[in-house]
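The structure appears below as C-alpha cells.
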Amino acid sequence: MFHLPNVRALSLGLLLSLPAVSVMAQKLGPLTVEKIMQDPKWMGVSPSNPYWAEDGSRVYFSWNPEGAKGDSLYAYELASKKITKVSVTDRQRIPSESGKYNQAKTVKLYEKNGDLFYLDLATRQIRQMTNTVESENNPTFSSDERQVIFRRGMNLFSMYLASGEINQLTNFLSGSKKADPKANEQEKWQKTDQLAMFEVLKERADKKKDAAKITKAEQPKRPKEFYLEERNLMAPTAAPHGKYVTFQLVKSAAGAKSTIVPNYVTESGFTEDIPARTKVGAPLASHQLFLYDIEKDTIREVSAKDLTGITEQPKYLSEYKSDTTSKKTKVRPVQFFGTNWSEDGTYAVVIVRSQDNKDRWIAQLDPATAKLKVLDRLRDEAWVGGPGSYALTWLDKETLLFQSEATGYSHLYSINLRTNERKQLTSGKFEVQQTVLSKDKKTIYFQSNEVHPGEQHWYKMAVTGGERVKLTTGTGAHEVSLSPDETKLLIRYSTPTQPWELYLQENQAGAKAEKITNSLSDEFKSYAWKEPQVITVKASDGQDIYARLYVPKKKNGAAVIFVHGAGYLQNAHKWWSQYYREYMFHNLLVDQGFTVLDMDYRGSAGYGRDWRTGIYRFMGGKDLDDHVDGAKYLTQKLGINAKRIGMYGGSYGGFMTLMALFTKPGVFKAGAALRPVTDWAAYNHGYTANILNEPQTDSLAYRRSSPIYHAAGLKDNLLICHGMVDVNVHFQDAVRLSQRLIELRKENWELAAYPMEDHGFVEPTSWMDEYKRILKLFQEKLKK
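Following this note's numbering, the numbering of the sequence shown begins with 2 at its first residue and continues without gaps.
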C-alpha cells in the first residue's frame, strides 16, 4: 500500500514561474511558407489532456515548453501557483484520470498498466489489487459495493473486497467446441455385444460410470462454456447485482475485399504493401447481442425483430425501378452499442442503430425474457447523428438522460423507465455538445453553442430542466472539467488568434478565469495575427452561411476561398482553428493583398440536423452552391474581380475543389485539391454510406457526387497534391483521375505526389513543398 505523491515532493525537472515561458526570443519577420510550415513547436506547444488530482490540490496536463521531441506531464499546484514537471517515478504513482467511484464518492477503482487499483480518497492510500501478466481492466463496483467486477482477457470476474476471493463470471472460449466422436451402427453393436458377453468388462464399465457421476457431483459450479467460433467478442458487461451478463459477437463478412496501399520508399529498398480498408458497399459484419443468466446458466440471443419500424425501408429505394415490395417485411440488420445498467441493476438499456443508418433506437432490455422495448426511436431518411446521439447517463436508479435531434437540434431529454414519463430539458436553435453529471446527480453541466454558432460555453442546469446558468464568459471556446469538490472549473480556452491555454475559475456565473499557462513563443507573439471576421453570407436558397473573412488593408483584387475538410466539421468559429497552418497561410495571403473566405458550408457541424444532412445523396450540390454564393458575395460586397477567385482545401475540401472546377467552370480561376476524394465509391463505408447510401443500391447519388464523372468540365487551372501512402483517401484516387484527365486531353492541371506522406502530412518539407505550389498557383493564375 502506498500514498499519493505530494506535488511539493515531485522531482523538479523544471520549475516555471508564470507568466513568462519563452522558447525563442527572436522576432518573426515577414511570413513565409518555410516559416509557417516548419515543425509547429516553433509556435510554442499548447497544454493538452488536462485533469484534476483526486484531492483537487493540483491539475495535471501534457505540455512541452522546452520544445522537446515529445510532450511531458506537468502539474500546477493551486496553493503555490507553480508549475512543475512530473518525474517518471512520480508519474507511475499518480492514479489514472479515468475510473469508477462508489456511490458515496469516497473510493475510486481504476486500471493502470493492465493492473487494478483501489484508492481511498479520504486517506489517499492506494491498494494494488492485481499484479499479473494478463491485463485487467474496466473495474466497477457491484451494486452492494462488496465486490469489484472487472475484465481479464476475454472474461469477466468478480473480486470480494474483504477477502480478495475471485470468481469467474463468464467462460468465453475462442474457436469451436470439438465434437465428441460418434460411433457408427456397427461400432455400437460391437460394444453392446462385448458388454453382454464379458462380465468383467460390464463391471468395469459400471464402475467408470459411477466414478464419473461422483466426480461431476463434486465439481464446483463453473460458468457456462461459450465458444466464439469465428466471431469476435465485444463489450461483455455484468449487471451490478451480478445476475446477468450481456455481450456482443461480431462476425466479419465473408468476401469483403480489402484494398492495398503500396509503399515505395522503405528501409528494405523493396516496395512493401500496406493493408488498408474495404470500400463502401462491401459486405458488412454481422452483430449479435446475447444475455447470459448466471443463476440459470443459460444464454439467449436478444433479437431486434420487435423494434418499432425495424422493417421500414429507406424512401430513396422508391426512385429505382427494382421491385422493393418483397423487402418491406425484412428485418433490417442492426448494430448494438453496449448495455447500460442502472446502479442497482433493475434496468438495462441498449442503443441500437440500423445498418442502413436511418434509425437509432434506445431500448429497454428485459432480462427475464431477453426482449427489447423501445423507449425512443429517432428516424431520419438521411442518416441519424448529431452530438451525443450514442451517449446515455443515469440521472437516478430509474431515469435516463439522452440526446436527440428530434427537434432539428441535438437537445437533452430524460425518460423515467418506471413511469414512462418523458421530458425535454433543453430547447432552441442551438446544440448541446457535451454533458457532465454532478456527483450528487442534481445538476447537469453541459457545453453548447447557444450564444453563437461559433462560440462554445458551459452551463449548468437542474436535472429537471429549467433555467440554464452560463458559467464561462470569454469569447471563444471552453473545454471544461470540474474539480473533485465541484467548486472550480479547469478550462482549456482559445480565441481565433490565441492557441489553447489553461485557466482556473470558481464554479460561479461571472467569475473571473485566471490564466495558469503561457505557451506561446516570443517569435510567434511578435507577429500581429489577424482576427478574421465571423460573418454570414446569404445563400441562394435564403439560408445564412457562417464564414470567416480575412480582408487585407490593401486589396489586390483577388480572393481565395478555403474549404475545410471532413465535411462534418466547423471552422467558421471564434476559437483557435485546428487548421492552424492554413490560418497562418491565410495571414500570408492577406499580407500579399488577397481576400480570404472560409465557409461553414452545408454539411458542416454546429448548425443542427438540416444543415448536417443538407448534402444527403448529393455531395457537391448545396455545399458547392454555398461556395458559389460565397464567390458572389466577394464580388458584389467586397469588389473582388470575378475572374480572379481561387479555391483550395484538403480531403473533403479537395473533393469540393474538384467539383467546383469540374461542374462550375469559370467561377474559380484556379484550384488546389489536396488529398481529394475523386470517386466516392472508392472511399470507406462508415462515412460514405451515411450520406450516399451504397453504390449498388443508390448509383445515382454516387454518379452525381463523384468528381471523376465530371472531369470533362475542367477549363480552369488545377493543382492536385496527394500523399502516396494515404490509407484514408488512397493515392489511387489521384491516379485514376489523372488517367481520366489524360484521356480527356486536359492540359491545365498537374499532380504533385508525396512518396512518404499519409492523409495528414507529417514532414515539414512536404508541407512546405505543397504550400509553395499552392501559393505559386494563386500568384500566377489570379494575378491581373
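Idealized CB from N, CA, C, for every residue including glycine. Model, not experiment: these values are computed from the prediction.
Take residue 335 as the anchor and find which of 300, 53, 768 and 288 has the nearest alpha-carbon.
Residue 335 has its Cα closest to that of 288, out of 300, 53, 768 and 288.
Are the CB atoms of residue 663 and residue 708 nearer to each other than 9 angstroms?
Yes.
Kindly indicate the opening and closing residues of the alpha helix (DSSP H) around residue 634.
Run containing residue 634: 623-639, per the alpha helix (DSSP H) assignment.
What are the boundary residues of the beta strand (DSSP E) that residue 367 is part of?
Unbroken beta strand (DSSP E) run through residue 367: 360-367.
Any idea what DSSP makes of residue 231, helix, strand or coil?
Three-state result, residue 231: coil.
Please state the DSSP three-state secondary structure of residue 595.
Coil.
Going straight from the alpha carbon of residue 536 to that of residue 152, what length do you get?
Between residue 536 and residue 152, the C-alpha separation is close to 51 angstroms.
If you count every other CB in all the chains shown that lies within 10 Å of the CB of residue 617, and 16 or more means buried, which is it?
Buried.
So, do the region 460-470 and the region 497-504 have three or more beta carbon pairs nearer to each other than 8 angstroms?
Verdict: no, contact absent.
Under three-state DSSP, which class holds residue 302?
Reduced to three states, the DSSP call for residue 302 is strand.
Helix, strand or coil, according to DSSP, for residue 22 in the structure here?
For residue 22, the predicted model reports a pLDDT of 42, less than 50, meaning its position is unreliable; a value from the coordinates is still stated below. Of the three classes helix, strand and coil, the one that applies to residue 22 here is coil, per DSSP.
Can you give me the C-alpha to C-alpha distance between residue 488 and residue 510, rounded to a whole angstrom?
Taking the straight line joining both Cα atoms gives about 12 angstroms.
DSSP beta-bridge partners for residue 612?
BP columns for residue 612 are empty, so no partner.
Can you tell me which of the three DSSP states residue 1 falls into?
This structure cannot speak to residue 1, because the chain is shown only from 2 to 785.
For residue 390 versus residue 408, is the C-beta distance shorter than 9 angstroms?
Contact: no.
Can you find at least 3 beta carbon pairs, one from the region 585-598 and one from the region 618-626, that sit closer than 8 angstroms?
No, because fewer than three Cβ pairs between the region 585-598 and the region 618-626 fall closer than 8 angstroms, the two stretches do not touch.
Which one of 84, 415 and 388 has the shortest CA to CA distance from residue 406?
The shortest C-alpha separation from residue 406 is found at 388.
Threshold first: 3 residues or longer. Then list the beta strand (DSSP E) segments lying entirely within the region 670-713, N to C.
Complete beta strand (DSSP E) runs here, min 3: 671-675.
DSSP state of residue 225, grouped into three classes?
Looking at residue 225 - three-state DSSP - the assignment turns out to be coil, as it is neither helix nor strand.
For residue 332, count neighbouring Cβ atoms within 10 angstroms of its own Cβ and tell me buried if that reaches 16, exposed if not.
So residue 332 counts as exposed.
Where does residue 552 sit, in a helix, a strand or coil, going by DSSP?
Looking at residue 552 - three-state DSSP - the assignment turns out to be coil, as it is neither helix nor strand.
Would DSSP call residue 740 helix, strand or coil?
Three-state result, residue 740: helix.
Take residue 767 and list the residues in its own chain whose beta-carbon comes closer than 7 angstroms to its own, dropping the five residues that flank it on each side.
Result list for residue 767: 755 and 758, in chain order.
Taking C-alpha atoms, which residue in 361, 669, 606 and 653 lies nearest to residue 684?
Among 361, 669, 606 and 653, the Cα nearest to that of residue 684 is on 653.
How far does the alpha helix (DSSP H) with residue 34 in it reach, from first residue to last?
Run containing residue 34: 34-37, per the alpha helix (DSSP H) assignment.
Can you tell me which of 651, 195 and 494 puts its alpha carbon nearest to the alpha carbon of residue 672?
Looking at the Cα atoms, 651 is the closest of the given residues.
Rounded to the nearest angstrom, what separates residue 157 and residue 425 at their Cα positions?
About 37 angstroms.
Let me make sure I understand the geometry here. Which of 290, 41, 620 and 361 has the alpha-carbon closest to that of residue 581?
For the residues 290, 41, 620 and 361, the minimum Cα distance to residue 581 belongs to 41.
Look up residue 771 in the DSSP assignment and say whether it is helix, strand or coil.
Residue state, collapsed to three classes: helix.
How would you call residue 3, buried or exposed, if buried means at least 16 neighbouring beta carbons within 10 angstroms?
Per-residue confidence for residue 3 stands at a pLDDT of 47, beneath the threshold of 50, marking its modelled position as unreliable; the derived number appears in the next sentence. Exposed is the call here.
For residue 5, does the three-state DSSP call read helix, strand or coil?
Residue confidence for residue 5 is low, a pLDDT of 49 falling below 50, so the modelled location carries little weight; the figure read from the coordinates is stated next. Coil at residue 5, not helix or strand.
Using beta carbons (cut-off 9 angstroms, strictly below), is residue 282 in contact with chain D?
You won't find chain D in this structure, because it holds only one protein chain.
Just to confirm the assignment, what range does the alpha helix (DSSP H) spanning residue 459 have?
Element bounds for residue 459: not the alpha helix (DSSP H) but the beta strand (DSSP E), 458-463.
Checking the sheet assignment: what are the DSSP bridge partners for residue 111?
Note: residue 111 sits in a beta bridge opposite 118.
Reducing DSSP to helix, strand and coil, say where residue 326 ends up.
For residue 326, the pLDDT reaches just 49, beneath the cut-off of 50, and the residue's location in the model is therefore unreliable, leaving the point undetermined.
I need the DSSP call for residue 430, collapsed to helix, strand or coil.
In the structure shown, residue 430 sits in coil (DSSP, three-state: anything other than H, G, I, E or B).
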